[in-house]
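Numbered according to my numbering, the sequence shown spans residues 28 to 180.
See below for the structure under consideration.
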Amino acid sequence: MIGTLSHELEVNVPAHEAWALYGTLQFTYICVPDLFDSVEVLKGDGGAGTILKPTTKPGSLFHTYEDMISKVDNENMVKELHTHKGAYLDLGFNYHGVRFEVIKKTESSCITKVTVTYDVKEEFISNASHVSIEQFIALLKYSNNYLINNHKK
(Lines of atoms letter the chains of each structure in order from A and count residues from 1; the text may use other names and numbers.)
(Lines give C-alpha, C1' and ligand atoms only; values in the text may rest on other atoms or scores of the structure.)
Protein backbone atom coordinates (compact mmCIF):
# COMPACT_ATOMS: atom_id res chain seq x y z
CA MET A 1 0.00 0.00 0.00
CA ILE A 2 1.36 3.40 -1.00
CA GLY A 3 0.30 6.57 0.78
CA THR A 4 1.05 10.28 0.87
CA LEU A 5 0.43 13.04 3.41
CA SER A 6 1.30 16.70 2.88
CA HIS A 7 1.01 20.08 4.56
CA GLU A 8 1.87 23.66 3.59
CA LEU A 9 2.59 26.77 5.64
CA GLU A 10 3.14 30.31 4.46
CA VAL A 11 6.04 32.23 5.95
CA ASN A 12 6.68 35.94 5.49
CA VAL A 13 10.32 35.76 4.49
CA PRO A 14 11.79 35.56 0.98
CA ALA A 15 12.13 32.04 -0.44
CA HIS A 16 15.93 32.32 -0.63
CA GLU A 17 16.08 33.00 3.14
CA ALA A 18 13.87 30.02 3.90
CA TRP A 19 15.96 27.79 1.64
CA ALA A 20 19.15 29.00 3.33
CA LEU A 21 17.75 27.22 6.41
CA TYR A 22 15.87 24.27 4.88
CA GLY A 23 18.64 23.37 2.45
CA THR A 24 21.26 22.91 5.19
CA LEU A 25 21.84 20.87 8.33
CA GLN A 26 21.02 24.00 10.36
CA PHE A 27 17.39 23.11 9.62
CA THR A 28 17.82 20.00 11.77
CA TYR A 29 19.89 21.60 14.49
CA ILE A 30 17.58 24.49 15.33
CA CYS A 31 14.92 21.99 16.40
CA VAL A 32 17.17 20.38 19.00
CA PRO A 33 16.40 20.39 21.95
CA ASP A 34 12.71 21.29 21.48
CA LEU A 35 11.76 18.48 19.09
CA PHE A 36 14.58 15.92 19.53
CA ASP A 37 16.94 14.81 22.26
CA SER A 38 19.73 14.87 19.68
CA VAL A 39 20.57 14.52 16.00
CA GLU A 40 23.91 12.98 15.15
CA VAL A 41 25.48 13.21 11.69
CA LEU A 42 26.89 9.75 11.02
CA LYS A 43 28.15 10.53 7.52
CA GLY A 44 28.24 13.49 5.17
CA ASP A 45 27.99 17.25 5.21
CA GLY A 46 24.27 17.80 4.64
CA GLY A 47 24.18 16.94 0.95
CA ALA A 48 22.86 13.81 -0.74
CA GLY A 49 24.18 10.71 0.99
CA THR A 50 24.29 12.31 4.45
CA ILE A 51 23.11 9.93 7.16
CA LEU A 52 21.44 11.38 10.26
CA LYS A 53 20.64 9.58 13.51
CA PRO A 54 17.85 11.40 15.35
CA THR A 55 17.04 10.49 18.93
CA THR A 56 13.47 11.46 19.76
CA LYS A 57 11.88 12.67 22.96
CA PRO A 58 10.37 10.09 25.33
CA GLY A 59 6.93 8.97 24.23
CA SER A 60 7.74 8.94 20.52
CA LEU A 61 6.95 5.84 18.48
CA PHE A 62 10.62 5.41 17.57
CA HIS A 63 13.45 6.29 19.93
CA THR A 64 16.29 6.29 17.42
CA TYR A 65 16.71 5.45 13.74
CA GLU A 66 18.71 6.57 10.72
CA ASP A 67 17.61 8.83 7.87
CA MET A 68 19.52 9.41 4.64
CA ILE A 69 19.32 12.65 2.70
CA SER A 70 18.75 11.50 -0.86
CA LYS A 71 18.38 14.84 -2.62
CA VAL A 72 19.26 18.49 -2.11
CA ASP A 73 18.18 20.55 -5.12
CA ASN A 74 19.22 24.16 -4.55
CA GLU A 75 17.75 25.39 -7.82
CA ASN A 76 14.25 24.05 -7.14
CA MET A 77 14.58 24.36 -3.33
CA VAL A 78 13.77 20.71 -2.60
CA LYS A 79 15.28 18.39 0.02
CA GLU A 80 14.35 14.72 0.30
CA LEU A 81 15.27 12.15 2.90
CA HIS A 82 14.16 8.63 3.68
CA THR A 83 14.38 6.14 6.52
CA HIS A 84 17.66 4.34 6.07
CA LYS A 85 17.63 2.03 9.10
CA GLY A 86 15.11 1.14 11.78
CA ALA A 87 11.84 2.95 12.49
CA TYR A 88 9.24 2.28 9.78
CA LEU A 89 11.46 -0.27 8.05
CA ASP A 90 11.22 -2.39 11.22
CA LEU A 91 7.41 -2.22 10.97
CA GLY A 92 7.22 -3.79 7.50
CA PHE A 93 7.54 -0.70 5.32
CA ASN A 94 9.41 -0.84 2.03
CA TYR A 95 9.87 2.93 2.09
CA HIS A 96 9.21 5.98 4.26
CA GLY A 97 10.38 9.32 2.89
CA VAL A 98 9.97 13.03 3.53
CA ARG A 99 10.22 15.87 1.01
CA PHE A 100 10.66 19.51 2.06
CA GLU A 101 10.01 22.26 -0.47
CA VAL A 102 10.28 26.04 -0.40
CA ILE A 103 7.99 27.64 -2.97
CA LYS A 104 8.32 31.34 -3.81
CA LYS A 105 5.02 33.18 -3.41
CA THR A 106 6.05 36.85 -3.56
CA GLU A 107 9.35 38.69 -3.18
CA SER A 108 8.83 38.70 0.60
CA SER A 109 6.95 35.46 1.27
CA CYS A 110 7.02 31.77 0.47
CA ILE A 111 5.31 28.49 1.15
CA THR A 112 7.10 25.75 3.05
CA LYS A 113 5.72 22.32 2.23
CA VAL A 114 6.34 18.87 3.63
CA THR A 115 5.22 15.63 1.98
CA VAL A 116 5.47 12.20 3.59
CA THR A 117 5.39 9.23 1.22
CA TYR A 118 5.34 5.62 2.31
CA ASP A 119 4.99 2.11 0.97
CA VAL A 120 4.02 -0.64 3.41
CA LYS A 121 4.01 -4.35 2.64
CA GLU A 122 0.50 -5.83 2.36
CA GLU A 123 1.00 -8.17 5.33
CA PHE A 124 1.84 -5.16 7.54
CA ILE A 125 -0.88 -2.85 6.22
CA SER A 126 -2.26 -2.24 9.72
CA ASN A 127 1.04 -0.49 10.55
CA ALA A 128 0.16 2.27 8.07
CA SER A 129 -1.86 3.79 10.92
CA HIS A 130 1.46 4.70 12.57
CA VAL A 131 2.39 7.07 9.74
CA SER A 132 1.96 10.66 10.81
CA ILE A 133 2.83 14.05 9.43
CA GLU A 134 2.38 15.83 12.79
CA GLN A 135 6.08 15.82 13.77
CA PHE A 136 6.95 17.33 10.40
CA ILE A 137 4.25 20.00 10.73
CA ALA A 138 5.78 20.84 14.12
CA LEU A 139 9.17 21.03 12.40
CA LEU A 140 7.77 23.43 9.76
CA LYS A 141 6.14 25.62 12.41
CA TYR A 142 9.26 25.70 14.54
CA SER A 143 11.47 26.47 11.54
CA ASN A 144 9.11 29.14 10.24
CA ASN A 145 9.05 30.86 13.64
CA TYR A 146 12.84 30.76 13.61
CA LEU A 147 12.87 32.33 10.14
CA ILE A 148 10.49 35.12 11.13
CA ASN A 149 12.43 35.89 14.33
CA ASN A 150 15.76 35.94 12.47
CA HIS A 151 14.53 37.60 9.27
CA LYS A 152 17.04 39.99 7.67
CA LYS A 153 15.06 43.20 7.27
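The C-beta atom is built at its ideal place from N, Cα and C for all residues, glycine as well.
The model shown is predicted, which means the values in this text are computed figures rather than measured ones.
Cβ-Cβ distance between E35 and I138 below 7 Å: yes
Reduced DSSP category for I175 - H, G, I as helix; E, B as strand; rest coil: helix
A42 vs V129 beta-carbon contact at 7 Å: yes
Whether A75 touches K106 by CB criterion (7 Å): no
Cβ-Cβ separation, L174 to E44 (assumed contact under 8 Å), whole Å: 6 Å
Delimiting residues of the beta strand (DSSP E) encompassing Y145: 136 to 147
Beta-carbon proximity check, D146 vs N121, cutoff 7 Å: yes
Segment limits, beta strand (DSSP E) that includes H123: 120 to 133
Run of the beta strand (DSSP E) containing H90, from where it starts to where it stops: Per DSSP, H90 belongs to no beta strand (DSSP E) and is neither H nor E.
Counted within 10 angstroms of its Cβ, other Cβ atoms place S159 as buried (16 or more) or exposed: exposed
8 Å contact criterion, which T31 and V143 should meet: CB distance rounded: 7 Å
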